[in-house]
Each structure stands twice: as structure tokens, then as C-alpha cells.
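Colleague:
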Amino acid sequence: MTESLHFVKTGSAPELHLLDCCDSDLDNVNINQRKRKRMEDDIHMLFEQFSSKFSAKLLDFKNELESKITDVRTDINSVIKSDLDSIKTKLTTIEVNQSQLFADMESMKSAINFQDNAQKELVKRVDRVCETSGTQGSDIARMQTQIRKLEFELNDQQQRDRAFNLELTGVPERPKEDLTAYYCSIVKYLDVPSSASDIVHITRVRPINPVPGRPKAIVLKLNSRPLRDSILSAARAKKGFQTSDIGIPGESKKIFVNEHLTPSNKLLHKNTREKARAAQFRFVWVRDGKIFARKNETSPTIRIMDSSDLRKIV
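Residue numbers (our numbering): -12 to 301.
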């Protein structure tokens, strides 16, 4: 603020000079006072402005803080409510599962009691069976012995029925083949007097356990056992022969001439050969449907009548 100074002319010049000096000092004092007063007023005004702005800022901060606290409280309450709802749901599920578990336990308990009673009843029945099995045991053993005897006799009878038969293995199968011609070629090669008229029946037989690529055996029945034995002896003397020896074209393969064994005797013969091979027996052969084994030229001959005789091969 700019102050205007007004000078009044009064009195003489010297007095005016003195008066002017006094007025000047007074004016300086007044000016300083006014400046100080104005500065104080300005400071007070600035302080009031600062206080007002600071109070406004504090109020805004308070309001913002209260708003954030309210939001946080709302979020916390929402989370707590959600968690409580989830806990209530889980507790309800647990209660339902617990009820089901109790029901299952009761059902299991009933089942266990039923099984326990059934087991007790079974034990009683077993005890009764054991009481009567003493007398039945000897009857069962006797019946088993009789069954084995009948099985042996039946197998022996079936083998006797094959006394006129031969089994030829290794002969290749061909379309529209003539099995009788194969027989005639074999007896001619073995130098055994025979013809097609000596054949009662001839056919190929599928093996019990077919082997891929292996031809089915030829089984034939002759009208004379001596003729069959002569053919077997001649085949043993030849010590084996090939398909090329009897005029069968193609790759030459071994042909075997053997007695026609029953299925039981075939299995026993197979097991005998396997056991003999493991025990280093040199000889296993069949004669008149009977199976024999011998370890070497000087050892005794063992007759293999059934599977129990295999333990003799050691």
C-alpha cells in the first residue's frame, strides 16, 4: 500500500523547517508502525489461510480415511460372511456324510454279524462232515483206485484197438493228395511186400495241439498186424528216410513211421522223453503200445505205465 504525504505551509521558514523535521520523524514512526502492523496482519492472514487449508486437508484426509476404513470394514464383513456361509455349507455336508457313514457302519455291522453267523454254521457243517468222513475216506480212496484201474484198462483196450495201425508224420499236405499212393511209395522204399489192398482205412488226423506249418499226421489201419510190425521193423532199420526218398517233390523233409498211440499214451510218451532228456537217458522207445526207457546200453529197462513211473527216471 502506498501512503501520500501532504505538507502544510505555516509559520516562518525556520519554524517550518523544525516542524517539517518533527513531522518527518513522526511520519517515519507511523510508517514503520503501519508497516509492522501490515506485516503482522499479512502473517496473521497467511496463518489463517494456512490453518484453513490445513484444516481442509485434514478434513479431506479424515473423510478419505473414514471412507477407506468403511470400505475395508465392508470387505472384511463380506469375506467373513462368505467364509461363514462356506463353513456352514461344509458343516452341513459333513453332517450329511456323517449320517451316511453311521448308516453304512450299521449296514456293515449287520453284514459282519450275518457273515459271522454263516461262518459258525459252516463250521458246524464241516464238523459234521469230518465226523462222517472217517468212514467215507476209505471208500473214496477205494473208489479212486478203482477209477484209475478202469482208466488204465480203458486206455489199454484203446491201445489194443490200434494194434493194426500206423502213424506217418512229416508227409507234406497237398491239394487232392493220394494218401494210398504215399503208403505204396513208403512200403516200396522200405522193401516190404504190400499193396493198396492191405489198407483198411487211411486218413489225416488233426493233432490235439496243432503246430503251425506242421502237416497233420496220416493214420492208417492195415488188415494184418504182422504186416504192420514188418513195416515198423523196416523203418527202424532204415533209421529214418526223407520225402525225396519216396518221390515227393519240393524241399526234402524227414518222415517218421510209428505205432499209433492213444492220446494218453502220446502225452505219457512226450513227458517220458522230456524227463529222459533232462536225466541224460539215451533210449526211449515204444513197443506194442508200451513205453520203455533206458539210461544206456548196460542199464536196466524201465517200463513207464503211468505218470507215477516218471520218478524212476533219475
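Every residue, glycine too, gets a C-beta built ideally from N, C-alpha and C.
Just the Cα atoms here: how many angstroms apart are N17 and R25?
Modeller: Their Cα atoms are separated by approximately 12 Å.
Colleague: State the start and end residues of the unbroken beta strand (DSSP E) segment that holds E246.
Modeller: K241 to E246
Colleague: Comparing the C-beta of N50 with each C-beta of chain C, is any distance below 8 Å?
Modeller: Among the protein chains of the structure shown there is no chain C, as only one such chain exists.
Colleague: Any chance the stretch 183 to 191 sits against the stretch 199 to 208, with 3 or more Cβ pairs inside 8 Å?
Modeller: Two segments are said to touch when three or more pairs of C-beta atoms, one from each, lie closer than 8 Å; by this definition the stretch 183 to 191 touches the stretch 199 to 208.
Colleague: Within a Cβ cutoff of 8 Å, which residues of the same chain sit near E160, ignoring the five residues on either side of it in sequence?
Modeller: So the list reads R191, P202 and K203, once near-sequence residues are dropped.
Colleague: With burial defined as no fewer than 16 other Cβ atoms inside 10 Å of the residue's Cβ, what is the status of S125: buried or exposed?
Modeller: exposed
Colleague: Under the three-state reduction of DSSP, which class applies to R191: helix, strand or coil?
Modeller: strand
Colleague: Beta carbon of I289, beta carbon of K277: below 8 Å?
Modeller: K277 sits away from I289, with the two beta carbons spaced by 8 Å or more.
Colleague: Under 8 Å between the Cβ atoms of N245 and Q146?
Modeller: no
Colleague: For V273 versus A280, is the C-beta spacing smaller than 8 Å?
Modeller: no
Colleague: Would you check if the stretch 135 to 150 and the stretch 235 to 250 touch, i.e. whether three or more CB-CB distances between them fall below 8 Å?
Modeller: yes
Colleague: My guess is that V174 and I218 are in contact by the Cβ rule of under 8 Å, so how many angstroms apart are they, rounded?
Modeller: 6 Å
Colleague: Report, in whole angstroms, the separation of the C-beta atoms of G234 and S172, which I expect to be a contact under 8 Å.
Modeller: 6 Å
Colleague: Pick out whichever of P194, R212 and E261 has its Cα sitting closest to the Cα of F151.
Modeller: R212
Colleague: Within 10 angstroms of the Cβ of T(-11), are there 16 or more other Cβ atoms? Answer buried if so, exposed if not.
Modeller: Any reading at T(-11) must be qualified, since the residue scores a pLDDT of 44, below 50, and its modelled position is unreliable; no value is offered.
Colleague: Which first and last residues belong to the beta strand (DSSP E) in which T167 is found?
Modeller: Per DSSP, T167 belongs to no beta strand (DSSP E); it is in the alpha helix (DSSP H), L166 to L177.
Colleague: Determine the direct distance from the alpha carbon of T119 to that of K257, and round the result to whole angstroms.
Modeller: In a straight line, the C-alpha of K257 is about 42 Å away from that of T119.
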